[in-house]
Amino acid sequence: MGLEYPVIAFSFGLATGIIGRAKGSSFWLWLIVGTVLPLLGLVAVILHRSEKTEPERQCPTCHRAVKLYVQVCPRCGTDLYLPDPAEVRRP
Ligand SMILES: [Zn+2]
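Quick note on my numbering: the sequence shown kicks off at 7 and runs consecutively.
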């Protein structure tokens, strides 16, 4: 008795870390999150948005590649509206 919780927590941490790694995030970061918050960490990593799979578009003013959900260009401050589907670049 007493050893069950750490083992279960670590198992969750390991699963969370593996999923986080597969999504292009840090394995160790998610290992810690999943161990400290079993189940909650696992749910968080499943819902976590991967930056690598997020579609991108180009800012019409400075031509910087920005994520589709970005509404103001971080480089030049141009307001970005919903782009032409032809301009959307999928990685
Ligand atoms: Zn720009």
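Idealized CB from N, CA, C, for every residue including glycine.
Note to self: Tell me which residues pass a beta-carbon proximity test against ligand 1: closer than 6 Å to any heavy atom, given in chain order.
What the structure shows: That query returns the following residues: Cys65, Thr67, Cys68, Arg70, Cys79, Arg81, Cys82 and Thr84.
Checklist line | Residue nearest to His54 in terms of C-alpha spacing, selected from Leu35, Tyr87 and Val13 | finding: Nearest Cα to His54 within the set Leu35, Tyr87 and Val13: Leu35.
Checklist line | Beta-carbon proximity check, Ile14 vs Ile52, cutoff 9 Å | finding: Not in contact: Ile14 and Ile52 (Cβ atoms no closer than 9 Å).
Notebook entry, point to check: What's the gap between the Cα of Ile38 and the Cα of Cys79?
Noted result: 33 Å
Next item on the list: Quick one: grab the DSSP three-state call for Arg27.
Entry: helix
Margin query: For Arg81, tell me which candidate among Glu60, Tyr87 and Arg70 has the shortest Cα-Cα distance.
Written below: Arg70
Note to self: Let me check one thing: in DSSP terms, what residues is Glu62 bridge-paired to?
What the structure shows: Lys73 and Arg95
Next item on the list: From the DSSP output, read off the bridge partner residues of Val78.
Entry: Asp85
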